[in-house]
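**Student:** Structure incoming, see below.
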Amino acid sequence: MTQHDLTLIHSEADSAIEVLDLKHMIDGAWVASASGEVFDRHSPATGQLISRAARGGVAEAEAAIEAARKAFDDGRWSDVPGSERAKLLNEVADLIDKNRARIAFYETMESGKPIAQAEAEIEGAANIWRYGATLAWNIRGDSQNALGPDMLGMVLKEPIGVVSIITPWNFPFLIVSQKLPFALAAGCTAVIKPSEMTSATTVMLGELLIEAGLPTGVANIVLGFGDPVGAVMTTHASVDMVSFTGSTGVGKAIVAATSGSLKKVSLELGGKNPQVIFPDADLDEAADAIVFGVYFNAGECCNSGSRIIVHKDVAEVLTEKVVDLSKKVPFGDPLNRDTKVGAIISADHKAKIDGYVKEAEAAGAKVRLGGDDLSVEGLTEQFYQPTVVDGVTANMAIAQEEVFGPVLAVLTFDTFEEAIALANGASYGLSAGVWSENVHTCLAFARRVEAGTVWTNTWMDGFPELPFGGVKESGLGRELGPNGLEEFLESKTVQMRLGKSRQKWV
Ligand code: NDP
Numbered sequence: 074m075t076q077h078d079l080t081l082i083h084s085e086a087d088s089a090i091e092v093l094d095l096k097h098m099i100d101g102a103w104v105a106s107a108s109g110e111v112f113d114r115h116s117p118a119t120g121q122l123i124s125r126a127a128r129g130g131v132a133e134a135e136a137a138i139e140a141a142r143k144a145f146d147d148g149r150w151s152d153v154p155g156s157e158r159a160k161l162l163n164e165v166a167d168l169i170d171k172n173r174a175r176i177a178f179y180e181t182m183e184s185g186k187p188i189a190q191a192e193a194e195i196e197g198a199a200n201i202w203r204y205g206a207t208l209a210w211n212i213r214g215d216s217q218n219a220l221g222p223d224m225l226g227m228v229l230k231e232p233i234g235v236v237s238i239i240t241p242w243n244f245p246f247l248i249v250s251q252k253l254p255f256a257l258a259a260g261c262t263a264v265i266k267p268s269e270m271t272s273a274t275t276v277m278l279g280e281l282l283i284e285a286g287l288p289t290g291v292a293n294i295v296l297g298f299g300d301p302v303g304a305v306m307t308t309h310a311s312v313d314m315v316s317f318t319g320s321t322g323v324g325k326a327i328v329a330a331t332s333g334s335l336k337k338v339s340l341e342l343g344g345k346n347p348q349v350i351f352p353d354a355d356l357d358e359a360a361d362a363i364v365f366g367v368y369f370n371a372g373e374c375c376n377s378g379s380r381i382i383v384h385k386d387v388a389e390v391l392t393e394k395v396v397d398l399s400k401k402v403p404f405g406d407p408l409n410r411d412t413k414v415g416a417i418i419s420a421d422h423k424a425k426i427d428g429y430v431k432e433a434e435a436a437g438a439k440v441r442l443g444g445d446d447l448s449v450e451g452l453t454e455q456f457y458q459p460t461v462v463d464g465v466t467a468n469m470a471i472a473q474e475e476v477f478g479p480v481l482a483v484l485t486f487d488t489f490e491e492a493i494a495l496a497n498g499a500s501y502g503l504s505a506g507v508w509s510e511n512v513h514t515c516l517a518f519a520r521r522v523e524a525g526t527v528w529t530n531t532w533m534d535g536f537p538e539l540p541f542g543g544v545k546e547s548g549l550g551r552e553l554g555p556n557g558l559e560e561f562l563e564s565k566t567v568q569m570r571l572g573k574s575r576q577k578w579v
């Protein structure tokens, strides 16, 4: 497949990079691994060494959990008034803003995402910390004052305890910021493990937490792999809750791992998010949102709009518009401010993406655009072309599974019922979208589609005030919004008898 008609941004001059030496943050101290082991992260776009991180083992995971346990049990954070917790969260937000350029740079260098996008994510993350601060002021339970003159019932909200926070590589700073401020607002303590491919910015956040004055041991960071660090964090008796974002497969493994001690689990998992386009839709608006939905973060996004279900009457004209727009999206050097789509996270992952396209083609689907590696002058081989695959049927893997790459699957429908059946016909249920100028069609779709979030005539807007999460195999629980705080709170019922009115049993 030729790439001559795509929009490409070549590499800029070589820039010198300060290679980061990343350590665990345990009980307020930066420590190397007892084993002395480290692992390296190279930029997926340039191949340069970006960071060298301590490789955590069982000892580091256990030490971090013990520190978080002690910090929770002695009340050094849970006893701090909500207003004071809010002050600290706001301070962290301000520090994130102050350090935005540096955080965004390393986010880009480790993940391959475009620099302008990384900066917007870090700015958005700071605002989530500010929103979390408002919740810290508002930890409210309930009361029941109609149980009779001698009884008062109260429901107290208490922090759940020690939380293990495990995050993926695609939005490292944003995702930890969808969890930690809410856990801290609630009064919990935490142990955090970022993906081993993108540890740097979580460590930077740790530095900011210390600078803001978070008491020692309240937040701890352990670097390393799912095995053994994640495994200890999901099975250790001193952990009360696991908050995980990642793949559905690992999410299921975590549910199994935590079942021994029945920990609370909150899971933000994958998606195979459909956008359904009715014939009365504004096709130009829809085409732009479809292109954004599928190529944003190179498609390595739980919310990727990786399949469209389009009415047969407009399928050809819409697909043409999408193909034309796809050619205009600037792919290439993540450090160039005009770039919209950067590198793929790893060579293995790129091969997996390509495998889905080739398999669909072999099964009779038609590759209308792309479907191959992308070569960008001066950069690595870890780029993939914007790809549109037409003639996809519901039984194909490309229609059912997360491709997690810049690949759009196009399916068609005739009737509303058929569109709903196709939209709901995957095991996932994270997000869905509908395009129609008829508000009744939009509402009927929103009611029938199985998804945690529905967008009508738009795609992937997000606000800290609104909850986010999935149904079916896309997850358990909700982040953001008031629900984001609620996840980290436990209810305690208190029944107070007034006076000596209790009837004796004997
Ligand atoms: P993974 O599920 O592979 O990994 C996520 C995290 O879990 C990593 O830190 C990983 O460590 C760790 N981990 C791996 N195995 C275990 C284990 N047995 N116990 C505990 N922790 C473990 O996901 P990816 O990093 O590949 O991220 C991509 C996935 O994340 C996609 O499926 C995507 O849809 C989903 N995602 C969902 C979002 C949502 O909000 N719904 C948002 C963003 C992504 P390591 O890899 O370092 O070994």
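FYI, the numbering for the sequence shown is 74 to 579, going by the working numbering.
Just so you know, even glycine gets a beta-carbon here, dropped at the ideal spot from N, CA and C.
Keep in mind it's a predicted model, so treat the numbers as computed, not measured.
1) Find out if the Cβ-Cβ distance for the pair residue 370, residue 503 is shorter than 8 Å.
2) Starting from residue 238, trace the beta strand (DSSP E) both ways and give me its first and last residue.
3) Going by the C-beta, is residue 300 closer than 7 Å to any heavy atom of the ligand NDP?
4) Examine the Cβ distances between the region 418-432 and the region 137-148 and report whether three or more of them are shorter than 8 Å.
5) Going by C-alpha distance, which of 394, 154, 147 is nearest residue 206?
6) Helix, strand or coil for residue 114? Go by DSSP, reduced to three states.
7) Would you check if the region 446-454 and the region 330-348 touch, i.e. whether three or more CB-CB distances between them fall below 8 Å?
8) Are the region 167-177 and the region 379-398 touching by the rule of at least three beta carbon pairs closer than 8 Å?
9) Could you give the residue range of the alpha helix (DSSP H) that holds residue 192?
10) Flag residue 275 as yes when its Cβ comes closer than 7 Å to any non-hydrogen atom of the ligand NDP, and as no otherwise.
11) I'd like to know whether the C-beta of residue 242 is nearer than 8 Å to at least one C-beta of chain D.
12) Measuring CA to CA, which of 77, 334, 293 is closest to residue 313?
13) What do you reckon, is the C-beta of residue 127 under 7 Å from a heavy atom of the ligand NDP?
14) Please find out if some non-hydrogen atom of the ligand NDP comes closer than 7 Å to the beta-carbon of residue 238.
15) Could you name each continuous beta strand (DSSP E) segment of 3 residues or more that falls completely within the region 325-361, going from the start of the chain to the end?
16) For residue 569, which residues does DSSP report across the bridge?
17) In the DSSP output, what is residue 457 paired with across the bridge?
18) Per DSSP, residue 506 forms a beta bridge with which residues?
19) Does the Cβ of residue 293 lie closer than 7 Å to at least one heavy atom of the ligand NDP?
20) So the candidates are 243, 79, 229, 203; which of them puts its Cα closest to the Cα of residue 183?
**Tutor:** With the given structure in hand:
1) The answer is no: Cβ separation not under 8 Å.
2) Looking at the DSSP string, the run of the beta strand (DSSP E) that includes residue 238 is 235-239.
3) True, at least one ligand heavy atom lies under 7 Å from that Cβ.
4) Taking 8 Å as the limit for Cβ pairs, the verdict is that the region 137-148 does not touch the region 418-432.
5) Comparing Cα-Cα distances from residue 206 to each of 394, 154, 147, the minimum goes to 154.
6) Strand, per DSSP.
7) Judged by Cβ distances under 8 Å, the region 330-348 makes no contact with the region 446-454, as fewer than three pairs qualify.
8) The region 167-177 is not in contact with the region 379-398.
9) Counted as a single uninterrupted DSSP element, the alpha helix (DSSP H) harbouring residue 192 occupies residues 188-209.
10) Answer for residue 275: no, Cβ out of range of the ligand NDP.
11) The displayed structure is made up of one protein chain only, and chain D is not part of it.
12) Ranked by Cα distance from residue 313, the options 77, 334, 293 are led by 334.
13) Result no, Cβ not under 7 Å from the ligand NDP.
14) Incorrect: residue 238 has no Cβ contact closer than 7 Å to the ligand NDP.
15) The region 325-361 contains these whole beta strand (DSSP E) runs: 337-341, 347-350.
16) Bridge partners of residue 569: 225.
17) For residue 457, which the question treats as bridged, DSSP gives the partners 446.
18) Partner(s): 348, 528.
19) Incorrect: residue 293 has no Cβ contact closer than 7 Å to the ligand NDP.
20) It is 243.
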